[in-house]
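J.: No gaps in the numbering here: position 94 of the sequence shown is 606 in our numbering, and each next residue is one more. Just so it is clear, CB atoms sit at the ideal spot from N, CA and C, and this is done for glycine as well. Quick one: the structure is below, and I'll ask about it shortly.
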Amino acid sequence: MPAPLTAAQTRELLAARGLAPSRRRGQNFVVDANTVRALVARAEVGPRDLVVEVGPGLGALTLVLREAGAHVLAVEVDRGLVTALREVVLPGLDGVDVVHADAMTIDWSEWLERPAVFVANLPYHAATPILLRALASGAFTRLHAMVQREVGERWAARAGHPRYGAVSVKVAAHAAARVDAAISRRAFYPQPNVDSVTVRLEPRPWHADVPRDRVLGLVEAGFAQRRKRLRNTLAREGSGPAHIEDALARAGLSTTARPEELDLEAWIALARALDRS
Numbered sequence: 513m514p515a516p517l518t519a520a521q522t523r524e525l526l527a528a529r530g531l532a533p534s535r536r537r538g539q540n541f542v543v544d545a546n547t548v549r550a551l552v553a554r555a556e557v558g559p560r561d562l563v564v565e566v567g568p569g570l571g572a573l574t575l576v577l578r579e580a581g582a583h584v585l586a587v588e589v590d591r592g593l594v595t596a597l598r599e600v601v602l603p604g605l606d607g608v609d610v611v612h613a614d615a616m617t618i619d620w621s622e623w624l625e626r627p628a629v630f631v632a633n634l635p636y637h638a639a640t641p642i643l644l645r646a647l648a649s650g651a652f653t654r655l656h657a658m659v660q661r662e663v664g665e666r667w668a669a670r671a672g673h674p675r676y677g678a679v680s681v682k683v684a685a686h687a688a689a690r691v692d693a694a695i696s697r698r699a700f701y702p703q704p705n706v707d708s709v710t711v712r713l714e715p716r717p718w719h720a721d722v723p724r725d726r727v728l729g730l731v732e733a734g735f736a737q738r739r740k741r742l743r744n745t746l747a748r749e750g751s752g753p754a755h756i757e758d759a760l761a762r763a764g765l766s767t768t769a770r771p772e773e774l775d776l777e778a779w780i781a782l783a784r785a786l787d788r789s
């Protein structure tokens, strides 16, 4: 099994292929073998797993996933990197399929023949929409992602945390998320200006009696002006602030509540109260 490329080898291969990391696409290639081995170990990937890797770059994580015995579907939007993977890094490697596709448009539930594990070093610029699309598909048994620290903390934040926001609630509506490791910026080429983390997400079913889309639409409206009180930001949901105050009270919430104070269960209760008023 070939070893993951070092930073020097990554630079050399990119130069030889006439390629360069794309800032527009948020490309920071992981070049530290210990980092990817630790991620694969935490993901508990084994020979029976089908793994989807989004943004394989030059295959550092791909190689270690295959080394663990998983069948890997490596989804890459950059045609130049796809060619480099197929012709130089992974030629003839059984158990790896390099797919030229955009993870932002794939319907994972239609695309995958069986439940899969999601393991990826996600591009900084698109990490959250890629993650939310994967979660919403219901196609993954668990998800593990390397992302910018601020992004990972936002995914896993609880109500009252400085990074808690609409994205935090959207993630919580689909999965239990936790930050499980810090990653130095030195593990990447080019070296970013911020450190990263790995996040583990365990999907969970939706059991509430209010449709998930209804709750998340309310969350989006509530966080549109996150520092304002919900009785004002959600006024359009009813006949005015007084109507929202009444719904907040019936949901067991403060009539002066702000969006960052409500956890997922509180948003569900508020949606229920509004729909029954």
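With DSSP collapsed to three states, give me the class of Thr653.
T.: Three-state result, Thr653: strand.
J.: Suppose you measure from the CA of Val542 to the CA of Val576; what does that come to, to the nearest Å?
T.: Rounded to whole angstroms, Val542 to Val576 spans 12 Å at the Cα level.
J.: On a Cα-Cα basis, can you pick out the residue from Arg698, Val663, His673 and Ala657 that is closest to Ala555?
T.: Checking every option, the nearest Cα to that of Ala555 belongs to Ala657.
J.: Assign Arg697 to one of three DSSP states: helix, strand, or coil.
T.: It is helical.
J.: If I measure Cβ to Cβ from Pro635 and keep anything under 7 Å in the same chain, skipping five residues before and after, which residues do I get?
T.: Contacts found: Arg537, Gly538, Gln539 and Gly567.
J.: Would you list, in sequence order, the uninterrupted alpha helix (DSSP H) runs of no fewer than 4 residues that lie entirely inside the stretch 543-594?
T.: Runs of the alpha helix (DSSP H) inside the stretch 543-594: 545-555 and 572-579.
J.: Could you check what DSSP says for Asn633 in three-state terms: helix, strand or coil?
T.: It is a strand residue.
J.: Val691 and Gly672 - do their beta-carbons sit closer together than 7 Å?
T.: Not in contact: Gly672 and Val691 (Cβ atoms no closer than 7 Å).
J.: Note down, in chain order, each residue of its chain lying with its Cβ closer than 6 Å to the Cβ of Leu624, except the 5 sequence neighbours on either side.
T.: Same-chain partners within the cutoff: Ala651.
J.: Taking the C-alpha atoms as reference points, what is the distance between Ala688 and Arg743?
T.: Those two C-alpha atoms are separated by around 29 Å.
J.: Between the Cα of Thr767 and those of Leu776, Asp787, Glu565 and Leu746, spot the shortest distance and give me the residue it belongs to.
T.: Closest option to Thr767, Cα to Cα, is Leu746.
J.: Which of the three DSSP states, helix, strand or coil, is assigned to Gln660?
T.: Residue state, collapsed to three classes: strand.
J.: Between Ser534 and the rest of its own chain, which residues show a CB-CB distance below 8 Å, the 5 nearest in sequence each way excluded?
T.: Asp590.
J.: How far does the beta strand (DSSP E) with Ser708 in it reach, from first residue to last?
T.: Where Ser708 is concerned, the enclosing beta strand (DSSP E) stretches over Ser708 to Pro715.
J.: Starting from His612, trace the beta strand (DSSP E) in both directions and tell me its first and last residue.
T.: Counting along the chain, the beta strand (DSSP E) containing His612 begins and ends at Val608 to His612.
J.: Hey, would you say Ala699 sits closer than 7 Å to Val709, going by beta carbons?
T.: No, these two residues do not count as a Cβ contact at 7 Å.
J.: Quick check on this structure: which residue in Leu531, Arg697, Pro627 and Trp718 has the alpha carbon closest to the alpha carbon of Ile780?
T.: Ranking Leu531, Arg697, Pro627 and Trp718 by Cα distance to Ile780 puts Trp718 first.
J.: Which one of Arg529, Pro641, Pro514 and Ala628 has the shortest CA to CA distance from Ala678?
T.: Per the Cα distances, Pro641.
J.: Could you check where the alpha helix (DSSP H) with Ala720 kicks off and where it finishes?
T.: That residue, Ala720, is in no alpha helix (DSSP H); it is neither H nor E in DSSP.
J.: Could you check if Arg738 is buried or exposed, using at least 16 other CB atoms within 10 Å of its CB as the buried criterion?
T.: Arg738 should be labelled exposed.
J.: Can you list, in chain order, the residues of its chain whose CB lies under 7 Å from that of Arg726, leaving out five sequence neighbours each side?
T.: Contacts found: Ala783.
J.: When you compare only the Cα positions, how much space is there between Leu786 and Glu599?
T.: Roughly 57 Å separates the two Cα atoms.
J.: With H, G and I counted as helix, E and B as strand and the rest as coil, what does DSSP make of Asp692?
T.: The answer is strand: DSSP assigns Asp692 an E or B state.
J.: Could you give the C-beta distance for Leu655 and Leu713, rounded to a whole number, given that I count them as a contact under 8 Å?
T.: Rounded, the Cβ-Cβ distance is 4 Å, consistent with contact.
J.: Does the distance from the C-beta atom of Asp707 to that of Arg661 stay below 7 Å?
T.: Contact flag set, yes.
J.: Tell whether a beta-carbon distance below 7 Å holds between Ala478 and Leu765.
T.: Nothing can be reported for residue 478, as the shown portion of the chain is limited to 513 through 789.
J.: Just to confirm the assignment, what range does the alpha helix (DSSP H) spanning Pro753 have?
T.: Where Pro753 is concerned, the enclosing alpha helix (DSSP H) stretches over Pro753 to Arg762.
J.: Taking a contact to mean a Cβ-Cβ separation below 7 Å, would you say Leu570 touches Val610 in this structure?
T.: The answer is no: Cβ separation not under 7 Å.
J.: Is Ala733 helix, strand or coil when you go by DSSP?
T.: Here Ala733 sits in helix by DSSP.
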